[in-house]
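Chains as they are written, first to last, in the working numbering: chain X, 42 to 345; chain V, 410 to 633.
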């Protein structure tokens, strides 16, 4: 057992040495694998981040009631009180036209244009939050209709629809990434398979001699498998580096964008689990590719 | 040690390289396998080392029925048969030491043991001082001696050679053949395919002669 492990360790370092002896070819392979793995993992991070943005609203259908012009502060407060009394309503926030204007001025950057207006064009808004048990499409629809009946209400809008659409889009994107990851994973296997195939054919004479002096297929396979594993792992590392670099470059502008939307949203990089999966996937795919290639060609190379 | 009965090897296309071969080579015996080029000498050696499988007949080598050996068992079988080639079949990107060490490395012999046995084998063929040399820097005779050291390094009971002096001049050929003779004298069974009649006459060992795939002459178990 100890000699077995020692042999594996020797082959490991031998393979590492082989890679170092042909740095250009090794780096090319590693780069190709890195790019192939970076694509799906980069998209994964993107989707994961967007998911984080939408998670804040997820499942909480807010209804915005835009009140008729001239409802006035008092009328709006009275209405809010009335709506609070409804069984399916948890809370009502009131936003006066002045508050709405101030917020719009702050976020939109149209301050100068707003100054040109003689009066505030914005209506008062009531933001209605339904109770937890009313928070499903049927009940929300019912509540929405009730609120629409109210005299002072100009427009009642359910804010859930776009969240749902975004959510559905994200699901679609997620599925798409899986398919992409599968295809690119296959590409990694093929790239590795081809690299190792060339390596096997290059060492045809050596393999023949090893077979003649009693080397088993496992013995011959071992260095190739380690080469595949190491290159795959290095490819995974390269992908991690690529994704992290791109994220680092994008963090600053994204944070600026987020602050413009008054969002506390910030970009998060690949977490430990995703990193482990990325590196593991690289190593396993590299190993698999070389395993397929070696097994495929080892039988063809027999001493003559 | 090597026992063939009614062995025939037919290649795809119908050509019979060896036909109906019968012979027994006892333990610790030494014999020459002679005949013209194309007589089937190489094929016979390939059958013994399982590079080829017989079409018909039974071959027993080192107490193993070759027909019963599976693909997986072949490597282990070959560890007990040393083979020397006309073209040496050395690995040119490795030193003499690493070439000779190869059979021990594939067999998983511990590191320290490898160094000891490789040096012993190199010493026997008189090339201990060249252990760090690459084969390309060695002469033909020296390369062949490296090949022999590799064939005997794990002390196989059987040693085969296919035209081991084919590329060497007379003096070097004598040296190489004397080496085989020396191994035979310490108990290794030796079978050498050669068309070098000079060596056959010089060493006075048993002769098996092939002609067009058939064994036409066997000097018998006693030396000629």
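No residue lacks a Cβ here, since even glycine has one placed at the ideal position from N, Cα and C.
**Q.** Per-residue burial, residue 532 of chain V [other beta carbons within 10 Å of its own, 16 or more giving buried]
**A.** Here the question's residue 532 of chain V lines up with position 123 in the second chain. Exposed, since its Cβ has fewer than 16 Cβ neighbours within 10 Å.
Give, in chain order, every residue of the region 49 to 60 of chain X whose Cβ lies closer than 9 angstroms to some Cβ of chain V.
-> 51
* Per-residue DSSP class, three states only, for residue 494 of chain V -> Here residue 494 of chain V refers to the residue found at position 85 of the second chain. Three-state result, residue 494 of chain V: coil.
Would the region 242 to 258 of chain X and the region 45 to 57 of chain X be scored as touching if the rule is three or more Cβ pairs under 8 angstroms?
no
>> Quick check: what's the CA-CA separation for residue 458 of chain V versus residue 501 of chain V?
In response: Counting from 1 along the second chain, the entry for residue 458 of chain V is found at position 49. Counting from 1 along the second chain, the entry for residue 501 of chain V is found at position 92. Going from the Cα of residue 458 of chain V to the Cα of residue 501 of chain V covers about 23 angstroms.
For residue 244 of chain X, report the span of its alpha helix (DSSP H) as first-last. Reading the first chain from its first residue, position 203 is the one you call residue 244 of chain X. It is not in any alpha helix (DSSP H) - residue 244 of chain X carries neither H nor E in the DSSP assignment.
Report task. Could you say which of X:241, X:89, X:107 lies nearest to residue 190 of chain X if we only look at CA atoms? Result -> Here residue 190 of chain X refers to the residue found at position 149 of the first chain. Ranking the options by Cα distance to residue 190 of chain X, first place goes to X:107.
My understanding is that residue 76 of chain X touches residue 327 of chain X, with C-beta atoms under 8 angstroms, so please give their C-beta distance in whole angstroms.
-> For the purposes of this step, residue 76 of chain X is taken as the residue at position 35 of the first chain. For the purposes of this step, residue 327 of chain X is taken as the residue at position 286 of the first chain. Not quite, the Cβ-Cβ distance comes to about 14 angstroms (not below 8 angstroms), so this is no contact.
* Counted within 10 angstroms of its Cβ, other Cβ atoms place residue 603 of chain V as buried (16 or more) or exposed -> Residue mapping note: residue 603 of chain V aligns to position 194 of the second chain, counting from 1. Burial call: buried.
Selected residue, minimal CA-CA separation from residue 425 of chain V, among V:463, V:614, V:555: Sequence index remark: in the second chain, residue 425 of chain V carries index 16 (1-based). For residue 425 of chain V, the nearest C-alpha among the options comes from V:463.
**Item:** For residue 602 of chain V, the residue or residues it bridges with in DSSP
**Value:** Here the question's residue 602 of chain V lines up with position 193 in the second chain. According to DSSP, which records beta bridges pairwise, residue 602 of chain V is partnered with V:442, V:571.
Would you say residue 297 of chain X faces chain V, with C-beta separation under 8 angstroms as the test?
The residue given as residue 297 of chain X occupies position 256 in the first chain. By this cut-off, residue 297 of chain X is not an interface position.
- Identify which residue in X:103, X:51, X:319 has its Cα closest to the Cα of residue 223 of chain X. As a first step, residue 223 of chain X is located in the first chain; it is residue number 182 there, counting from the start. The candidate whose alpha carbon is nearest that of residue 223 of chain X is X:319.
Is the CB of residue 569 of chain V under 8 angstroms away from at least one CB in chain X? Here residue 569 of chain V refers to the residue found at position 160 when the second chain is read from its first residue. Output row for residue 569 of chain V: interface = no.
task: Please determine, among V:496, V:447, V:423, the residue with the shortest C-alpha to C-alpha distance to residue 618 of chain V.
output: Walking along the second chain from the start, residue 618 of chain V turns up at place 209. Measuring from the Cα of residue 618 of chain V, the nearest candidate turns out to be V:447.
Worksheet item: Taking the alpha-carbon positions, what's the residue 636 of chain V to residue 417 of chain V distance?
Response: This structure does not reach residue 636 of chain V, given that chain V is present from 410 up to 633, and the question cannot be answered.
- Message: DSSP three-state label for residue 465 of chain V, please.
- Response: Here residue 465 of chain V is taken as the residue at index 56 of the second chain, counted from 1. Looking at residue 465 of chain V - three-state DSSP - the assignment turns out to be strand.
Between the region 477 to 494 of chain V and chain X, which residues of the former have CB atoms less than 9 angstroms from a CB of the latter, in chain order? 480, 481, 483, 484, 485, 486, 487, 488, 489, 490, 491, 492, 494
Q. Going straight from the alpha carbon of residue 621 of chain V to that of residue 431 of chain V, what length do you get?
A. Position 212 of the second chain holds residue 621 of chain V. Position 22 of the second chain holds residue 431 of chain V. The alpha-carbon atoms of residue 621 of chain V and residue 431 of chain V are separated by roughly 15 angstroms.
Checklist line | Member of V:451, V:564, V:477 whose CA lies at the smallest distance from the CA of residue 516 of chain V | finding: Looking up residue 516 of chain V in the second chain gives position 107. Minimum Cα distance to residue 516 of chain V is reached at V:564.
| field | Pick from X:241, X:308, X:111, X:226 that is closest to residue 264 of chain X, judged by C-alpha positions | value | Here residue 264 of chain X corresponds to residue number 223 of the first chain, with the count starting at 1. Per the Cα distances, X:241.
Practice item. Could you name the residues of the region 461 to 474 of chain V whose beta carbon sits closer than 8 angstroms to any beta carbon of chain X, in the order they occur along the chain? Key: none
- Task: Consult DSSP for residue 263 of chain X and reduce its assignment to one of helix, strand or coil.
- Result: Within the first chain, numbered from 1, the residue matching residue 263 of chain X stands at position 222. Note: residue 263 of chain X maps to helix in three-state DSSP.
Notebook entry, point to check: Measuring from the CB of residue 251 of chain X, is there a heavy atom of the ligand NAP at a distance below 7 angstroms?
Noted result: With respect to the ligand NAP, the structure shown offers nothing to examine, as it has no ligands at all.
Q) Relative to chain V, which residues along the region 238 to 255 of chain X have a C-beta separation below 9 angstroms, given in chain order? A) 246, 247, 249, 250, 251, 252, 253, 254, 255
*How about residue 526 of chain V: is its C-beta nearer than 8 angstroms to some C-beta of chain X?*
The sequence position of residue 526 of chain V within the second chain is 117, counting from 1. No, residue 526 of chain V lies away from the interface with chain X (no Cβ there is under 8 angstroms from its Cβ).
### Query
In terms of DSSP beta bridges, what is residue 171 of chain X paired with?
Counted from its first residue, the first chain places residue 171 of chain X at position 130. Paired residues: X:130.
Review point. Residue 489 of chain V and residue 566 of chain V look like a contact to me (Cβ under 8 angstroms); what is the Cβ gap, rounded to whole Å?
Key: The residue labelled residue 489 of chain V in the question sits at position 80 within the second chain. The residue labelled residue 566 of chain V in the question sits at position 157 within the second chain. About 6 angstroms; that satisfies the 8 angstroms criterion.
Which chain X residues sit within Cβ distance under 8 angstroms of residue 559 of chain V? Translated into the one-based positions of the second chain, residue 559 of chain V becomes position 150. In chain order: 254.
Under 8 angstroms between C-beta atoms, does residue 44 of chain X make it to chain V?
As a working note, residue 44 of chain X is residue 3 in the first chain. Chain V contact via Cβ: present.
**OP:** With 8 angstroms as the threshold, decide whether the Cβ of residue 257 of chain X is near any Cβ in chain V.
**Re:** As a working note, residue 257 of chain X is residue 216 in the first chain. Yes - at least one Cβ of chain V is within 8 angstroms of the one on residue 257 of chain X.
C-beta contact flag for residue 278 of chain X and residue 310 of chain X at 8 angstroms = As a working note, residue 278 of chain X is residue 237 in the first chain. As a working note, residue 310 of chain X is residue 269 in the first chain. Taking 8 angstroms as the Cβ cut-off, residue 278 of chain X and residue 310 of chain X do not qualify as a contacting pair.
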